[in-house]
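A.B. asks:
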Amino acid sequence: MWIQQKANEPAALSELQGHTVGLKFECNQCHTEVFTDLIGIPAPDHLANSTEDDGQFETEEVKCPGCDMTHEITIKSTFDGVTFDVSEVAPGSVSYQIPPAEEKH
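In short: position in the sequence shown from 1, add 248, done, that's the working numbering.
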């Protein structure tokens, strides 16, 4: 099930911690729907001095199959939640999902 990322609202860390996610988004240049490989969610930094410093980042690049534009994906994991930042896409157009085999029952 795809979950739309809400603008300025991180996804719940408790739901994503320790999982991999797939992302999908629409390329701004050619409007092709792009799907990523699975990307690991980094753990927040438990040794951080403040909540502003607790972020851990995972950065990936994916090429649009429609126009070969390279999109940079940054996953930031903090104690407040997880955000998915994708370059060259419209705000609110990023969705994520946990693969079915990994979902908790």
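Where a beta carbon is used, it is the ideal one built from N, C-alpha and C, also for glycine. Bear in mind that the values here come from a model prediction, so they are computed numbers and not experimental data.
Could you tell me which of GLY266, SER341, ILE289, PHE273 sits nearest to SER325, measuring between CA atoms?
C.D. replies: The option with the nearest alpha carbon to SER325 is ILE289.
A.B. asks: Looking at C-alpha atoms only, which residue of GLN345, ALA291, ASP316, ASP333 is the closest neighbour of GLN265?
C.D. replies: GLN265 has its Cα closest to that of ALA291, out of GLN345, ALA291, ASP316, ASP333.
A.B. asks: Does the distance from the C-beta atom of ILE323 to that of GLU336 stay below 8 Å?
C.D. replies: No. Outside cutoff.
A.B. asks: By the three-class DSSP mapping on this structure, what secondary structure does LEU261 have?
C.D. replies: Helix, per DSSP.
A.B. asks: Checking the sheet assignment: what are the DSSP bridge partners for THR326?
C.D. replies: The partner list for THR326 (beta bridge, DSSP) reads GLY329.
A.B. asks: Would you say ILE321 and VAL334 are within 8 Å of each other, going by their C-beta atoms?
C.D. replies: It is a contact, given that the beta carbons lie within the stated cut-off.
A.B. asks: Cutting at 7 Å between CB atoms, please list the residues of its own chain near GLY314, excluding the five before and the five after it.
C.D. replies: The residues are CYS275, CYS278, THR280.
A.B. asks: Kindly indicate which residue of THR268, GLU309, SER341, ALA338 has the alpha-carbon position closest to the one of PRO348.
C.D. replies: Nearest option by C-alpha distance: THR268.
A.B. asks: Hey, would you say VAL342 sits closer than 8 Å to GLN253, going by beta carbons?
C.D. replies: Closer than 8 Å, so yes.
A.B. asks: Report the option in PHE327, ASP328, ASP316, MET249 whose CA atom is closest to the CA atom of LYS272.
C.D. replies: Among PHE327, ASP328, ASP316, MET249, the Cα nearest to that of LYS272 belongs to MET249.
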